[in-house]
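In the numbering used here, the protein residues as written are 1322 to 1635.
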């Protein structure tokens, strides 16, 4: 990632502007970049400011999607006296993803919950009017669909809770703690499939600030996916590491076939390619957004990995 470039020769209050939530890029008359604020570079990820503006072809305002799943609104403000153009980058990703999550919640409420509840009513009516025997088999079916409805309702509540997360409620904790707790949560599933869960952590503390329960939920979901959908008898790892820049990463890696294109888009893109059954990946994405965490997904011949990049606690 590029470093913020100093711009001492330009008579603009850059120190004050850098405190804004928006990212700022100053383009010189010859098309070169005179300055890019830290916020702009963070929003662009690995993409350079030059490539972004060149891709617009002078068209502004514009909405663009970055390679790492951010949706940005760009406005150009000519600074005639300075011979520059000030580009303002506004992050639309949280609002876009919030709209997607609301749609997912409505879909889950209207369809995913209605189906098992409707089946429960049918079973109850059948047992009441005698068309179904009131025996252990019928009660087992009732219990199955009741559990299914409860699990889907819980998924909706978890997602809505993640959407309402605020930094004011965050607490300080060690990232290694939730790595071990996620491994404990998935131990029984792993044992059933003869999968070894390996937890790798560095020496010393890896302190982050956030909602411990929600981050543990996100990590547990990713780890359980790797355990249940990867090949049996293999190894699944969860690795906590310090990053070169201030912050830490936690990676879940397996030896399976990885996510399909739609699942990957739910996890990474501002607007997924299509809805998927279940809200797990969408909830993971929202939890990461609430914590300022960046998600990275890789898939190669050896397997697949999902990495959460989290800022270190200040």
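We put the CB at the ideal spot given by N, CA and C, even for glycine. Owing to the predicted nature of the structure, the values given are computational and were not obtained by experimental measurement.
Select from the options the residue whose C-alpha is nearest the C-alpha of residue i.
i, options, result
"residue 1483", "1600, 1469, 1520 and 1447", "1600"
"residue 1538", "1405, 1445 and 1500", "1500"
"residue 1495", "1453, 1573, 1528 and 1383", "1528"
"residue 1607", "1350, 1393, 1417 and 1377", "1417"
"residue 1497", "1506, 1512 and 1525", "1525"
For residue i, write down the residues that DSSP places opposite it in a beta bridge.
i, result
"residue 1709", "The chain is shown only over 1322 to 1635; residue 1709 falls outside these bounds and no answer can be derived."
"residue 1521", "1560"
"residue 1384", "1394"
"residue 1408", "1346 and 1397"
"residue 1492", "1531"
Label residue i either buried or exposed according to how many other C-beta atoms from any shown protein chain fall within 10 Å of its C-beta, with 16 as the threshold for buried.
i, result
"residue 1476", "buried"
"residue 1460", "exposed"
"residue 1619", "exposed"
"residue 1326", "With a pLDDT of 46 at residue 1326, under the threshold of 50, the predicted position of this residue should be treated as unreliable, and no value is reported."
"residue 1458", "exposed"
"residue 1627", "buried"
"residue 1450", "exposed"
"residue 1512", "exposed"
"residue 1534", "exposed"
"residue 1504", "buried"
Can residue i and residue j be called in contact, C-beta distance under 7 Å?
i, j, result
"residue 1556", "residue 1519", "yes"
"residue 1565", "residue 1583", "no"
"residue 1404", "residue 1361", "no"
"residue 1383", "residue 1395", "yes"
"residue 1493", "residue 1622", "no"
"residue 1573", "residue 1544", "yes"
"residue 1587", "residue 1542", "no"
"residue 1443", "residue 1466", "no"
"residue 1434", "residue 1375", "no"
"residue 1407", "residue 1398", "yes"
State the start and end residues of the unbroken beta strand (DSSP E) segment that holds residue i.
i, result
"residue 1357", "1354-1357"
In terms of residues, what are the limits of the alpha helix (DSSP H) holding residue i?
i, result
"residue 1505", "1496-1506"
"residue 1369", "First-last for residue 1369: undefined, no H or E at that position."
"residue 1566", "It is not in any alpha helix (DSSP H) - residue 1566 carries neither H nor E in the DSSP assignment."
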